[in-house]
Amino acid sequence: MHKMSKLTIELPPKIDHDNTADLVAALAPARAHSGEVLVDIYEVTSYQPHAICMLAAQLDYWNEKGVSVAIRQKEGSVISKYLGKIGLLNNQYHTQAKVIDWSKSRDYVPLELIENNSRPESVADALAGSAAEKAGSDDEVRQLIRYAVFEFLMNVKQHSRAAGFIMSQYYPKTGLYHIGVADYGIGIRQSFLESTSPFLKGMESCDDACWLDNAIRPKFSSKTHLRNTNGSRSDNHGVGLSVTRAFTRECLGRFQLISQHGMLDHDFVSAMNEDEDVPAKATMMPQAYNGVACSITFNPTLFGNTTYQQLRRDVLNQLGLGGSESDLGLFGS
0 MHKMSKLTIE
10 LPPKIDHDNT
20 ADLVAALAPA
30 RAHSGEVLVD
40 IYEVTSYQPH
50 AICMLAAQLD
60 YWNEKGVSVA
70 IRQKEGSVIS
80 KYLGKIGLLN
90 NQYHTQAKVI
100 DWSKSRDYVP
110 LELIENNSRP
120 ESVADALAGS
130 AAEKAGSDDE
140 VRQLIRYAVF
150 EFLMNVKQHS
160 RAAGFIMSQY
170 YPKTGLYHIG
180 VADYGIGIRQ
190 SFLESTSPFL
200 KGMESCDDAC
210 WLDNAIRPKF
220 SSKTHLRNTN
230 GSRSDNHGVG
240 LSVTRAFTRE
250 CLGRFQLISQ
260 HGMLDHDFVS
270 AMNEDEDVPA
280 KATMMPQAYN
290 GVACSITFNP
300 TLFGNTTYQQ
310 LRRDVLNQLG
320 LGGSESDLGL
330 FGS
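Encoded structure:
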């Protein structure tokens, strides 16, 4: 009997927003492999939350498919201890079946598994409260984080057939707060192709980058036209990504969205410092990521004296949604 060869995936030492495509390329060979896998993190030194979630989604997919996975790591290294703390190396991440005790998470926020029975409100409350406390931020920042986390969770639950992961991290040295989420599902383009959404008309031939450009448009969704079982309209209003991106822009942060071959990367800080416009269009990556990953980064101190409610009103007006705020039922009011 022919023995299936073991696939070795050597992960890049460091992954941040600038080289997320390198992680996508490293994981790509696994798409067509069904034998044993060795994930080599020996040289890994630093991964931002979205990258950790992408890796977690891949590991969870292998676990679900019964793929034998071994991990080569440098015992006692800072990154091995960190990945062990958040539960990535032993599949002991938090789930809704467990009590979330964030008080013990002094220097990190645990990786959270998102499943069909996950309660977005509870996770968003816990994650936002913990993050704001670590950043020494007030209730205004907590509400912004709460909104972003909730929208990320809802996107995973509504557009993915697989489990997703969410994680956050505050970096005291830079003053930046990162939120990352990723799933190993069907992706944004496929979600529309399998729907009966009216937005699909005339866009069947659009590539992954084109779909990302449209995904951040207000009320653009593959779910808004659907009805609930009781006949009421869908709980999805199609504004989550557009509002979250606008919040990030107002806080001079960074917004990154990945689905299959498409990548949309809006770095509002660099654009301001270099007096350049943020790239208007998403780009195509050589390799594809199976699913969707999204990340936002912002500095909580940039809030100043602005309240969350004021910021939300400004953002909604900019997006042309100001007149229908109550109708949208936006989370975090």
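In numbering that gives the first Met the number 0, the protein residues as written are 0 to 332.
Even glycine gets a Cβ: it sits at the ideal position worked out from N, Cα and C.
Around Y46, the same chain offers I14 as residues with beta carbons nearer than 6 angstroms, after the five sequence neighbours per side are excluded. In this structure, the beta-carbon distance from P12 to I178 does not fall below 8 angstroms.
Contact between the region 291–298 and the region 173–190 is present, with at least three C-beta pairs closer than 8 angstroms.
If you look at A27, you'll find it isn't in any alpha helix (DSSP H); DSSP assigns it neither H nor E. For V43, DSSP assigns no beta-bridge partner whatsoever. For M53, the enclosing alpha helix (DSSP H) has its first and last residue at P48 to K64.
Distance between A29 and N18, taken at the CA atoms: about 19 angstroms.
Under the three-pair Cβ rule at 8 angstroms, the region 278–288 does not count as touching the region 240–250. If you look at E249, you'll find it in the alpha helix (DSSP H) that goes G239 to E249. A31 counts as exposed, since fewer than 16 other C-beta atoms from the protein chains shown sit within 10 angstroms of its C-beta.
Closest in C-alpha terms to N298, from the list G83, Q168, S194 and D207, comes Q168. Only residues of its own chain outside the window of five on either side were considered, and among them P217 have a CB closer than 8 angstroms to the CB of G319, listed in chain order.
In the DSSP secondary-structure assignment, C293 is bridged to V180 and L256. In the displayed model, Q168 falls within a strand according to three-state DSSP.
Nearest to D59 by alpha-carbon distance, out of V77, L112 and G75, is L112.
Residue environment for Y170: exposed (fewer than 16 other C-beta atoms within 10 angstroms of its C-beta).
The Cβ-Cβ distance between E35 and K64 does not fall below 8 angstroms.
Beyond the five residues adjoining it in sequence on each side, A25 comes within less than 8 angstroms, by CB distance, of I8, E9, L10 and P11 in the same chain, given in chain order. The shortest C-alpha to C-alpha distance from E114 to any of W61, A147, A56 and V66 is the one to A56. In the DSSP assignment, L263 is bridged to L256. A distance below 8 angstroms separates the beta carbons of V148 and L126.
Shortest Cα-Cα distance from I165 to any of L37, N62, A50 and Y41 involves A50. Classified as buried, S258 has 16 or more neighbouring CB atoms from the shown chains inside 10 Å of its CB. Residue environment for R248: buried (at least 16 other C-beta atoms within 10 angstroms of its C-beta).
In this structure, DSSP gives E111 an extended state, which the three-state scheme calls strand. Inclusion of V43 and I70 in the CB contact set at 8 angstroms is not warranted, their separation being larger than that value. G252 is classed as buried because its beta carbon has at least 16 other beta carbons within 10 Å across all chains shown.
Burial check for E193: the Cβ neighbour count within 10 Å stays below 16, so the residue is exposed. The C-alpha of L87 lies about 22 angstroms from the C-alpha of N154. Annotation: the continuous beta strand (DSSP E) that includes I70 extends over V68 to R71.
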